[in-house]
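Everything on this sheet refers to the single structure shown next.
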Amino acid sequence: MDKLKVVKFGGSSLADERGFRRAAEIVLSDEGRRFVVVSALGVGHNAKTKITDDLITAYGELSGGESKTLDKVLMRFAFLARELGVAFADELIKTRKEILKHRRDKAFIISRGEYLTAKLMAKFLGFEFLDAKDFISVRNGELQVKKTRENFLSLDKNARYVIGGFYGSYDVFKKCKCGATLRKTQKISLLSRGGGDITGAIASISLRASVYENYTDVYGVQNSDPRKRPDAQTYASLSRAELFKILESGAQVIHIDCLKILAESGIKLVIDNTFDPHKKNTEVLF
Ligand code: ASP
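Just so you know, we're using this note's numbering here: the sequence shown kicks off at 1 and counts up by one.
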């Protein structure tokens, strides 16, 4: 069996049908790519906003009644699922109901972007879907590393999974109506923005992956912002300290918290371009 690789796709890679198909091609071209992490759909040709930002708007609208933005979010998923040939209507109806039921729970509502993107990707790839609430332990926005690592022990390293990034859960104990017994429920908590990268990093160390591939829509880490400077050059390899410096100076290519999680793990981080993979990328050995 090939060594396990954790593969993460950012929202900018997964904005539309083209991004989904490219991501799937990358995953399926290597048997080692068995654990896939996705962010919520991002900005693309046909979408000017990120699903995460739309869900933040929807949460605000729902406190006053109906939300047009929620309908827009669900329509975007419905349209994409149809283009991909995935049956998704039941999932969207169920999620709509749950969002209305949890209309005061901001983290729950926002997390549905990653949840639905992962469900759709799992169906498209034919992989098993994992709900991040059952594996990623997060309390007050803080990743609980030890508990999360324990949660991963139940997974079969030879199976192929898709999980949504950016959210997890913590246990809450509620008294039942009779007041006598305590019932355990899980409350959703979000990581900081861009936190899908953190999910990929914790999955990589928990599963003892050999490689953590983080796919964006640019050529790895570059010496200037490729959106402003088309002549930007990609660093083929960086040390952990060099990457830290670049991220600290404001580059948004990967979440800075990943560095701490991956430290001393022996994992190779590869930051690559979904739309032109394995050509110009950046490797960082931890
Ligand atoms: N969807 C979240 C965000 O927009 C998390 C992520 O993209 O990783 O920040």
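For glycine and all other residues, C-beta sits at the position ideal for the given N, C-alpha and C.
| Which residue or residues does DSSP assign as beta-bridge partners of N281? | BP columns for N281 are empty, so no partner.
| Just to confirm, are A159 and V37 a CB contact at a threshold of 8 Å? | no
| query | Which ranges does the beta strand (DSSP E) cover as unbroken runs of at least 3 residues, wholly within the stretch 152-211, from first to last along the chain? | reply | 161-164, 167-175, 182-190
| message | Could you compute how far the alpha carbon of I205 sits from the alpha carbon of A263? | response | 10 Å
| request: Identify whether R33 lies in helix, strand or coil by the three-state DSSP scheme. | output: strand
| said: Excluding the 5 residues flanking Y235 on each side, which residues of the same chain have their C-beta closer than 6 Å to its C-beta? | reply: V221, T282
| said: Using a 10 Å radius around the Cβ and a threshold of 16 neighbouring Cβ atoms, would you call G64 buried or exposed? | reply: exposed
| request: Can you say whether G141 is buried or exposed, counting buried as having 16 or more other CB atoms within 10 angstroms of its CB? | output: exposed
| Between the Cα of V43 and the Cα atoms of I109, T69, D54, which residue gives the shortest distance? | D54
| query | What are the start and end residues of the beta strand (DSSP E) that includes L130? | reply | 128-130
| field | Limits of the unbroken beta strand (DSSP E) element including I56 | value | Per DSSP, I56 belongs to no beta strand (DSSP E); it is in the alpha helix (DSSP H), 51-62.
| request: Entirely within the stretch 88-124 and at least 4 residues each: give me those alpha helix (DSSP H) ranges in chain order. | output: 89-101
| query | L14: which of E98, K50, L100, K174 sits nearest, CA to CA? | reply | K50
| said: Between V6 and L247, how many whole angstroms is the CB-CB distance? I'm expecting something under 8 Å. | reply: The pair is not a contact, with the Cβ atoms about 19 Å apart (cut-off 8 Å).
| said: Would V162 and A118 be called neighbours here (beta carbons separated by less than 8 Å)? | reply: yes
| request: Confirm the yes/no value for this check: CB of G165, any heavy atom of the ligand ASP, distance under 7 Å. | output: yes
| query | According to DSSP, is D272 helix, strand or coil? | reply | strand
| task | Find out if the Cβ-Cβ distance for the pair F124, F20 is shorter than 8 Å. | result | yes
| Is G165 buried or exposed, if buried means 16 or more other CB atoms sit within 10 Å of its CB? | buried
| field | Assigned secondary structure, R229 (DSSP; H/G/I helix, E/B strand, else coil) | value | coil
| request: Output yes or no for whether 8 Å exceeds the beta carbon distance between L74 and R34. | output: no
| request: May I have the straight-line CA-CA distance separating L28 from V218, to the nearest angstrom? | output: 21 Å
| field | Minimum C-alpha distance to K8 - residue among I93, S169, L70, C258 | value | C258
| Can you find a heavy atom of the ligand ASP that lies under 7 Å from the Cβ of G168? | no
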